[in-house]
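*Asks:* What follows is a single structure, and I will ask about it in a moment.
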Amino acid sequence: MPDWVPARRREIGARLRQARLAANLTQLQLGERIGRDHRTIHRWEYGQRVPSLDDLLLLADATGVPLRDLVG
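In this text, residue positions in the sequence shown follow my numbering: the first is 146, and each later residue adds one.
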């Protein structure tokens with residue numbers, strides 16, 4: 146895997162975290178809204194795991210942020 150992939154994953158995770166905080170949600174609350182465990186949210190935010198496209202769509206809807214802004 147190229148070096149830029151993990152860096153990009155962390156960047157997207159940081160955007161997810163910013164969107165969650167802007168929506169005034171905890172990891173637990175966001176997880177409940179999209180049907181995922183709060184530990185999964187944590188792993189996404191810190192680039193340890195990659196959300197699927199379906200998950201990204203749910204995240205965008207739950208936080209009120211356009212998908213393009215999350216992955217931009």
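A virtual CB, placed ideally from N, CA and C, is assigned to each residue, including glycine.
Note that the structure is a prediction, hence the values are computed from the model and not measured.
Helix, strand or coil: which one does DSSP assign to R213?
*Replies:* Looking at R213 - three-state DSSP - the assignment turns out to be helix.
*Asks:* Is there a Cβ from chain C that is less than 8 Å from the Cβ of A168?
*Replies:* In the structure shown, chain C does not exist; there is a single protein chain.
*Asks:* So, is P211 buried or exposed, given that buried needs 16 or more other C-beta atoms within 10 angstroms?
*Replies:* exposed
*Asks:* So what's G192 in DSSP terms, helix, strand or just coil?
*Replies:* coil
*Asks:* Put L201 into one of helix, strand or coil per three-state DSSP.
*Replies:* helix
*Asks:* Between the Cα of A159 and the Cα atoms of D199, A207, G209 and I186, which residue gives the shortest distance?
*Replies:* I186
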